[in-house]
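Some notes on the structure that comes next.
Protein chains: 4
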Amino acid sequence: MNPDRKLRADAQLNREQIIAVAHALIAEHGADVPMEEVARRAGVSIGTLYRRFPNRHELIRGVALNSFHQVIAIARTAEDEEPDAWTALTRFVREAGGDLRLAAGLAMRFAGTWAALRDDPENLRLRALLLKILDRLVRRAQADGKVRNDVSAADLSMMMALLLRPMPGLQPDLTPAGAGRYLALMLEGLRARPATDPLPAPEITLADLR
Amino acid sequence: MNPDRKLRADAQLNREQIIAVAHALIAEHGADVPMEEVARRAGVSIGTLYRRFPNRHELIRGVALNSFHQVIAIARTAEDEEPDAWTALTRFVREAGGDLRLAAGLAMRFAGTWAALRDDPENLRLRALLLKILDRLVRRAQADGKVRNDVSAADLSMMMALLLRPMPGLQPDLTPAGAGRYLALMLEGLRARPATDPLPAPEITLADLR
Amino acid sequence: MNPDRKLRADAQLNREQIIAVAHALIAEHGADVPMEEVARRAGVSIGTLYRRFPNRHELIRGVALNSFHQVIAIARTAEDEEPDAWTALTRFVREAGGDLRLAAGLAMRFAGTWAALRDDPENLRLRALLLKILDRLVRRAQADGKVRNDVSAADLSMMMALLLRPMPGLQPDLTPAGAGRYLALMLEGLRARPATDPLPAPEITLADLR
Amino acid sequence: MNPDRKLRADAQLNREQIIAVAHALIAEHGADVPMEEVARRAGVSIGTLYRRFPNRHELIRGVALNSFHQVIAIARTAEDEEPDAWTALTRFVREAGGDLRLAAGLAMRFAGTWAALRDDPENLRLRALLLKILDRLVRRAQADGKVRNDVSAADLSMMMALLLRPMPGLQPDLTPAGAGRYLALMLEGLRARPATDPLPAPEITLADLR
DNA sequence: CATGAATGAGGTTTCATTCAT
DNA sequence: CATGAATGAAACCTCATTCAT
């Protein structure tokens, strides 16, 4: 009856296993991996997969929300433990992009890519939560003169979502390393400089993210 | 018989129309648009589409090579007309990313994403050609002190390929503007600076691109 | 061990509840309601349902035999309490078709519809029992000049089985009323008349019912 | 482009074959025959079936509308060729119920049974058309003193829909004969008589049919 | 004995590709 | 050479049924 009731221990294990496998496969092959493939790699039958996630949408939702929770945890820790805003930002980018594979990218990407997820209340809640933390950090770093004034947390999250993708033409095992490299270059681009050209396009703010 | 034989005028039109439509659809919905959809939007029957491109692979190959040709033309013009290497680079990035929509991104992306294309001789030839031009420009700009020494043309093309994608959560019509914005930030990141932190990951060179 | 062993009181309740729910659902949605739906509406788990009825066949058998018992009771009462055969017949039709909802229709229908039930000894026994009572009533009413001579108890039961179904295009709550109406018209048709056209088709007798 | 454009000759043949097979199978086994079975018996591949009817609903719609057209043609002919209304009615009932197998029953049944069909404009149009003809005939026959005054065309069509179904427990090949028999008994019931009991239930009129 | 998780067969539907007109 | 019909493999999803807790 209660939808959030505790699962049986083995069922909970299965659920986690499915999410992990789906996360990896989606990151590698995109959101339309065969459900059978997910089931097989997770070591369950197709029926079990569908009992836990009644359709593809729910599976992706499960993966996205799961990722979001992890990314938010990283952001919170970074903000709490690092007194300096810029340091907190770089730590967040490094950890979210590196340790958790493509967690951040997936989370942010699916947050908006899968049309149906865009109206999911839980997803919107988590996204707002994350963007609030990042917004605080960006503004503090800007006040410290570390980040250029014409960028926003929306820019940061959008670039992360774009850069945290499978890299075409690179051996898959080089991808995490590559991601770290390009995220570092991105941070360089966001830094405040004595004199820089103005950015061309319209500013993108939190309000534009949906 | 001769595969390069001139097509009849109307057939040639069909071919171009198909490529244009396929390019747009792939850029928007990914590489697995239904062939029927491509045919319908191009105003031809499915049979005609298959007469021109015997299977999906050939269609994507057509799109990718076509894009590559355009991007290379842009790169050549920029190198020829701009005496300054850095100016040529920014012009290339701006024009390839802007005027041609997602041409550049598509080209580079498919160059490596579709496994079968990775061994396609024509594709390899064009890719080498483009990377050679970019490599010249990057090295010259580095010699001029405009670009940091620890990046390569491979980095440039990879980041372009990543940033030139549909932006999740943004209205589709904002995408080109957003692309311009993020490409500009990327160029900032590539600039040589008095003192910067070293890049974390292994250098990625032309040799790593396949 | 003993299949007819008394069930525990609560188990017996479960069993009755399941039959009632299954009866209603089958009457409304046909014989292929999901077993899970039956279980849910009966307030038991799917496991309990299967403990009581090892498969769908047994469940339907349970429903059909249960209905049959009720219909037979009605027929017996009508025969016992009404001295006039025609009155007994109309009373049977009215009560079996009305009070018990679709009990009669279901009973007779499933008796023959579900192939596997056609060879079920208990089902055959009950069907023979019911038809024997109806046969007595029809013959007596024919002897009284109340029922045309070219119809049989087989005709009567067949028409009841056909008319006691959900009525397409009618609000579900009008169905019982409609059933009463059409059963009444059917009885009119069965009446003996001074001069009527002969019935066209081959007579259908008790022997044809299987 | 034009959805009603002529099909190629062979495709038209296939379409008709599919409808015929689907009609027969649905009449025998209900509306949930496997699509594969329909395809196989029609001698086409599953793909062809789905090209012609994009889903089960469209297939059933095709069958129902096809039946309706035939039934309406029968009704029109009967009304045109028989000067006497009662004779026209009996002819309609006999022909619609006999020659066309279960055409009439199917048509009327699906018209309302498949919820989605209840709002189909073409279906509603045909149903109204048929009921109008039957209504004219019933009223004329009532004026002639041949049909009881408390029944309507709605009663007639509803009883036909109910009686034209597979007969449980009867060999399938006896079904058409049985249908003819029960339709004849039904007509007897509808006849005007010197003195009859009033019908119990609320009158059912054309307005109640949806 | 009740529960609800897991299995897997089978039905539905989509689409790349081939081929008759 | 264009058209659009036919094919069939593969994906999606739903349940009946079994079995661990």
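Line by line, the protein sequences are chains B, Y, G and D.
Under UniProt numbering, the first residue of the first sequence is numbered 1, with each subsequent residue one higher.
Under UniProt numbering, the first residue of the second sequence is numbered 1, with each subsequent residue one higher.
Under UniProt numbering, the first residue of the third sequence is numbered 1, with each subsequent residue one higher.
Under UniProt numbering, the first residue of the fourth sequence is numbered 1, with each subsequent residue one higher.
Glycine is no exception: its CB is placed at the ideal position from the N, C-alpha and C atoms.
These figures come from a predicted structure and were not determined experimentally.
8 Å Cβ cutoff met for I74(B) and A42(B): Counting from 1 along the first sequence, the entry for residue 74(B) is found at position 74. Counting from 1 along the first sequence, the entry for residue 42(B) is found at position 42. Taking 8 Å as the Cβ cut-off, I74(B) and A42(B) do not qualify as a contacting pair.
Runs of alpha helix (DSSP H) wholly within the segment 127-193 of chain B (minimum 4 residues, chain order): 153-163 and 175-190
Length of the line joining the Cα atoms of L185(D) and L199(G): Translated into positions along the fourth sequence, residue 185(D) becomes position 185. Translated into positions along the third sequence, residue 199(G) becomes position 199. Taking the straight line joining both Cα atoms gives about 8 Å.
Chain D contact for I204(G) (CB, 8 Å cutoff): Stepping through the third sequence from its first residue, residue 204(G) is reached at position 204. Yes, contact with chain D.
Interface partners of A116(D) on chain G, CB under 8 Å: Along the fourth sequence, one-based indexing puts residue 116(D) at 116. Going along chain G, no residue has its Cβ under 8 Å from A116(D), so there is no contact; the nearest lies around 13 Å.
DSSP three-state assignment for L199(B), whether helix, strand or coil: Taking the first residue of the first sequence as position 1, residue 199(B) is located at position 199. Correct three-state label for L199(B): coil.
Where L162(G) meets chain D, residues with beta-carbon distance less than 8 Å: As a position in the third sequence, residue 162(G) is number 162, starting the count at 1. Those are L162, L163, R165, M167 and Y182, listed as they occur along chain D.
Chain-order list of residues whose beta-carbon lies under 6 Å from that of H23(D) (same chain, five-residue window excluded): Sequence index remark: in the fourth sequence, residue 23(D) carries index 23 (1-based). Contacts found: V63.
I204(D) (DSSP reduced to helix, strand or coil): The sequence position of residue 204(D) within the fourth sequence is 204, counting from 1. Here I204(D) sits in coil by DSSP.
Spatially closest choice to G36(G) from R191(G), E28(G), R136(G) and I46(G), by CA coordinates: For this step, residue 36(G) is matched to residue 36 along the third sequence. For the sequence presented, residue 36(G) should be read as Glu rather than Gly. If we check each option's Cα against that of E36(G), I46(G) comes out closest.
Interface flag, P34(G) vs chain D, CB-CB below 8 Å: Translated into positions along the third sequence, residue 34(G) becomes position 34. For P34(G), the answer is no, since every Cβ of chain D falls outside 8 Å of its Cβ.
Contact set between the segment 86-99 of chain B and chain Y, restricted to residues whose Cβ is under 7 Å from the partner: none
Selection of the UniProt domain "HTH tetR-type" (12-71) of chain G by Cβ proximity to chain D, strictly under 8 Å: G30 and D32
The segment 147-163 of chain D touching the segment 181-195 of chain G, judged by at least three CB pairs closer than 8 Å: yes
Rounded straight-line distance, which links the Cα of E188(Y) to that of L126(B): Taking the first sequence and counting its residues from 1, one reaches residue 126(B) at position 126. Taking the second sequence and counting its residues from 1, one reaches residue 188(Y) at position 188. Using only the alpha carbons, I get a separation of about 31 Å.
Near-chain Y residues of the segment 128-146 of chain B (beta-carbon distance less than 8 Å), N- to C-terminal order: none
Cut-off 8 Å between Cβ atoms - residues of its own chain near A49(B), not counting five sequence neighbours on either side: For the purposes of this step, residue 49(B) is taken as the residue at position 49 of the first sequence. For the sequence presented, residue 49(B) should be read as Leu rather than Ala. Contacts found: I18, M35, V38, A39, A42 and L59.
V21(D), DSSP secondary structure in three states: Taking the fourth sequence and counting its residues from 1, one reaches residue 21(D) at position 21. In the structure shown, V21(D) sits in a helix (DSSP, three-state: H, G or I).
Beta-carbon proximity list for D4(Y), same chain, < 6 Å, skipping 5 on both sides: Locating residue 4(Y) in the second sequence gives position 4, counting from the first residue. Confidence at D4(Y) is low in this model, with a pLDDT of 48, below 50, so its placement is unreliable and the value that follows should be read with caution. Cβ within range, chain order: n/a, list empty.
Local Cβ density within 10 Å of N14(G), reported as buried at 16 or more and exposed below that: Within the third sequence, numbered from 1, the residue matching residue 14(G) stands at position 14. With 16 or more other Cβ atoms within 10 Å, it is buried.
Cutoff 8 Å: E81(B) Cβ touching any chain Y Cβ: Taking the first residue of the first sequence as 1, we reach residue 81(B) at position 81. No, E81(B) lies away from the interface with chain Y (no Cβ there is under 8 Å from its Cβ).
Proximity below 8 Å, CB of A141(B) to CB of L89(B): Within the first sequence, numbered from 1, the residue matching residue 141(B) stands at position 141. Within the first sequence, numbered from 1, the residue matching residue 89(B) stands at position 89. Yes, they are a contact pair.
Interface flag, L185(Y) vs chain B, CB-CB below 8 Å: As a first step, residue 185(Y) must be located in the second sequence, where it is residue number 185. Output row for L185(Y): interface = yes.
Which of helix, strand or coil DSSP assigns to D4(D): To locate residue 4(D), count along the fourth sequence from 1; it is residue 4. Residue placement at D4(D) cannot be trusted, given a pLDDT of 49 that sits under 50; what the coordinates show is reported in the next sentence. D4(D) falls in the coil class under three-state DSSP.
Uninterrupted alpha helix (DSSP H) stretches inside the UniProt domain "HTH tetR-type" (12-71) of chain D (no shorter than 4 residues): 35-42 and 46-52
Contact with chain G by E122(D), beta-carbon distance below 8 Å: If you number the fourth sequence from 1, residue 122(D) lands on position 122. No - not a single Cβ of chain G is within 8 Å of the one on E122(D).
For G97(B), the three-state DSSP class (helix, strand or coil): Your numbering for residue 97(B) matches position 97 in the first sequence. Helix, per DSSP.
Residue from A96(D), P194(D) and H69(D) with nearest C-alpha to K146(D): Taking the first residue of the fourth sequence as position 1, residue 146(D) is located at position 146. Nearest of A96(D), P194(D) and H69(D) to K146(D), Cα basis: P194(D).
Expected contact under 8 Å - CB spacing of R139(B) and R191(B) to nearest Å: Working through the first sequence from its first residue, we reach residue 139(B) at position 139. Working through the first sequence from its first residue, we reach residue 191(B) at position 191. Contact doesn't hold; Cβ gap of about 15 Å is too wide.
Reference I133(B); option with closest CA among D120(B), M160(B), A85(B) and I26(B): As a first step, residue 133(B) must be located in the first sequence, where it is residue number 133. Ranking D120(B), M160(B), A85(B) and I26(B) by Cα distance to I133(B) puts A85(B) first.
Inter-residue CB distance, I72(B) and L130(B) (contact presumed, cutoff 8 Å): Locating residue 72(B) in the first sequence gives position 72, counting from the first residue. Locating residue 130(B) in the first sequence gives position 130, counting from the first residue. Rounded, the Cβ-Cβ distance is 5 Å, consistent with contact.
Spatial distance of A143(D) from E79(D) (CA atoms): Along the fourth sequence, one-based indexing puts residue 143(D) at 143. Along the fourth sequence, one-based indexing puts residue 79(D) at 79. In a straight line, the C-alpha of A143(D) is about 16 Å away from that of E79(D).
DSSP state of E79(Y) mapped onto helix, strand, coil: Counting from one through the second sequence, the residue named residue 79(Y) turns up at place 79. DSSP places E79(Y) in helix when its eight states are reduced to three.
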